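K.L.:
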Amino acid sequence: MTVKRQKGADRASEKGAETRAGSNHFEHALVLETARVTEGAALAASRFMGMGDKNAVDGAGTEAMRTLLNSLDIRGTVVIGEGEMDEAPMLYIGEQVGSGQYEVDIAVDPVEGTVVTAKGLPNGLAVIALSERGGLMHAPDCYMDKLVVPPPAAGKVNLDWPVEANLNVLAQSLERDVDDLMITILDRERHADLIRRVRATGARVKLIGDGDVVASLQVGVRGTGVHALMGSGGAPEGVLSAAAMKCLGAEIQGRFIAEDDAMRERFALMGVDEKRVYKTNDLAPGSQMVFSATGITYGEILNGVRHFGGGARTHTLVMGYATRVVRFIDSVHLEDDGARVTIRV
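The sequence shown begins at 1 in the UniProt record's numbering and counts up by one.
The structure is reproduced here in structure tokens:
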């Protein structure tokens with residue numbers, strides 16, 4: 001009996017090793033290729049940065065991202081995209097991309113912050129997340145009430161609690177006072193009461209015009225001076241943020257907001273519960289996850305695209321959940337024949 005138990009244990013161990021190896025293989029194969037996708041989208045969109053045309057920015061980024069996705073060794077389905085088929089010419093929800101071996105679900109935002117990019121303002125990004133089939137929630141295109149906290153506070157806060165209670169728990173988790181906290185909130189009229197309540201605790205508020213994916217990244221990465229994201233924003237961006245927070249060990253909690261009966265009917269068809277608080281693993285349940293973001297305009301985490309004679313330079317954050325690797329990639333792209341650049345450390 002002892003021998004049989006040992007053999008069984010060996011087989012179980014081998015099977016577990018194979019599972020982990022397979023999980024890692026998915027990410028090893030695609031993580032750098034995924035970075036190439038967001039780099040390409042950022043490079044294309046950056047050509048229209050500061051030109052005042054948000055549609056040109058979005059169109060260039062979307063076309064470049066789709067072209068590069070079709071070059072990957074994947075059989076991908078877009079679950080978070082530019083809209084429904086009748087609303088978006090490409091990267092629409094349900095679109096199939098690639099013709100390779102890895103079956104993946106894809107969430108994209110070719111240009112997060114089309115307006116800020118068109119105006120040349122900070123924190124325009126090209127963003128994508130890949131997971132195995134079913135690894136990313138197909139979220140309805142609606143608003144979501146969100147709470148994003150850094151790794152030390154993960155599992156300790158609750159979106160159902162009063163704002164003041166969550167700020168106290170957050171401060172304790174970070175071993176600081178509430179008035180040391182900086183909370184990012186989208187600058188919208190609907191957040192007037194939330195802003196007032198946060199400020200009444202002594203915490204400071206960083207108001208942003210757009211871009212709550214990059215705002216979530218600032219929460220998940222230490223040293224940015226931002227400690228939480230609060231308030232409502234787009235639900236598709238919530239899924240992208242969940243993929244990033246999962247890789248970083250941070251947490252997002254969200255509740256879908258139905259603004260009318262038509263949206264409630266859509267929730268029912270999609271199996272969405274508007275009373276439920278969805279957490280990181282609900283929004284991004286995959287055991288394999290690749291997230292990549294490339295800066296288009298300058299930001300606190302990522303530099304924007306910098307063009308020079310004959311080429312450009314990009315800055316990318318790319319992560320794998322199973323491989324547990326976070327990479328910041330500083331790339332020089334030589335676009336013209338014979339182009340040269342002096343590399344500086």
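All C-beta atoms, glycine included, are put in the ideal place defined by N, C-alpha and C.
Please read all numbers here as calculations on a predicted model, not as lab measurements.
1) Please give me, in chain order, every unbroken run of the beta strand (DSSP E) with length at least 3 that falls completely inside the stretch 195-265.
2) Where are the alpha helix (DSSP H) runs, 4 residues long or more, that stay fully inside the stretch 271-310, in chain order?
3) Can you say whether Gly94 is buried or exposed, counting buried as having 16 or more other CB atoms within 10 angstroms of its CB?
4) Give me, in chain order, the residues of the same chain whose beta-carbon lies closer than 7 Å to that of Gly113; leave out the 5 immediate sequence neighbours on both sides.
5) Straight-line CA distance for His307 to Gly61?
6) Give the straight-line distance between the Cα atoms of Leu317 and Arg327, rounded to the nearest whole angstrom.
7) Would you mind stating whether Leu248 and Gly220 have Cβ atoms separated by less than 9 Å?
8) If you measure between the beta carbons of Ala41 and Leu72, is that distance less than 9 Å?
9) What's the gap between the Cα of Glu103 and the Cα of His138?
10) DSSP puts Glu103 in a beta bridge; with which residues?
11) Ignore the nearest five residues each way along the sequence and tell me which others in Ala242's own chain have a CB closer than 6 Å to its CB.
12) Please check the pair Val108 and Ile128, which I expect to be a contact at CB under 8 Å, by giving their CB distance rounded to whole angstroms.
13) Which one of Arg266, His191, Ala171, Leu229 has the shortest CA to CA distance from Thr201?
14) Please report the residue range of the alpha helix (DSSP H) in which Thr323 lies.
15) When we look at the beta-carbon of Arg5 and count the other beta-carbons within 10 Å, is it buried (16 or more) or exposed?
16) Going by beta carbon distance, what residues of the same chain come within less than 8 Å of Lys54, once the five residues before and after it are set aside?
17) In terms of alpha-carbon separation, which member of Gly52, Ser331, Glu87, Val163 lies closest to Val178?
18) According to DSSP, Tyr143 sits in a beta bridge with which residue or residues?
19) Just curious, the beta strand (DSSP E) that Ile129 is in, first and last residue?
20) Classify Met65 as helix, strand or coil using the three-state DSSP reduction.
21) Roughly how many whole angstroms lie between the Cα atoms of Leu207 and Ser131?
22) Is it the case that the stretch 290-297 contacts the stretch 25-40, given that we only count it when at least three CB pairs across the two stretches are under 8 Å?
P.N.:
The short version:
1) Fully contained in the stretch 195-265 are the following beta strand (DSSP E) runs of length 3 or more, in chain order: 204-208, 228-234, 251-257.
2) Runs of the alpha helix (DSSP H) inside the stretch 271-310: 280-283.
3) It is exposed - the Cβ of Gly94 has fewer than 16 other Cβ atoms within 10 Å.
4) Cβ-Cβ distances below 7 Å link Gly113 to Asn123, Gly124, Leu125, Asp210, Gly211 in the same chain, with the five nearest sequence neighbours on each side left out; the list follows chain order.
5) For the pair His307 and Gly61, the Cα-to-Cα distance works out to about 16 Å.
6) Going by C-alpha positions, Leu317 is about 6 Å away from Arg327.
7) Yes, the Cβ-Cβ distance between Leu248 and Gly220 is below 9 Å.
8) Not closer than 9 Å, so no.
9) If you draw a straight line from the Cα of Glu103 to the Cα of His138, it is about 16 Å long.
10) Note: Glu103 sits in a beta bridge opposite Arg75.
11) Hits under 6 Å: Ile252, Thr280, Leu283, Ala284.
12) Their Cβ separation, rounded to whole angstroms, is 5 Å, which keeps Val108 and Ile128 in contact under 8 Å.
13) For the residues Arg266, His191, Ala171, Leu229, the minimum Cα distance to Thr201 belongs to Ala171.
14) It is not in any alpha helix (DSSP H) - Thr323 carries neither H nor E in the DSSP assignment.
15) Note that Arg5 scores 39 on pLDDT, short of 50, meaning its location in the model is unreliable; the coordinates nonetheless yield the value given after this. That one is exposed.
16) The residues Thr114, Val115, Thr117, Ala118, in chain order, have a CB closer than 8 Å to that of Lys54 in the same chain once the five nearest residues on each side in sequence are set aside.
17) Ranking Gly52, Ser331, Glu87, Val163 by Cα distance to Val178 puts Val163 first.
18) DSSP, once it has assigned bridges, lists Gly234, Ile257 as partnering Tyr143.
19) According to the sequence displayed, residue 129 carries Ala and not Ile. For Ala129, the enclosing beta strand (DSSP E) starts and ends at 125-132.
20) Correct three-state label for Met65: helix.
21) Rounded to the nearest whole angstrom, the CA to CA distance from Leu207 to Ser131 is 32 Å.
22) The stretch 25-40, when compared against the stretch 290-297, does touch it at the 8 Å Cβ threshold.
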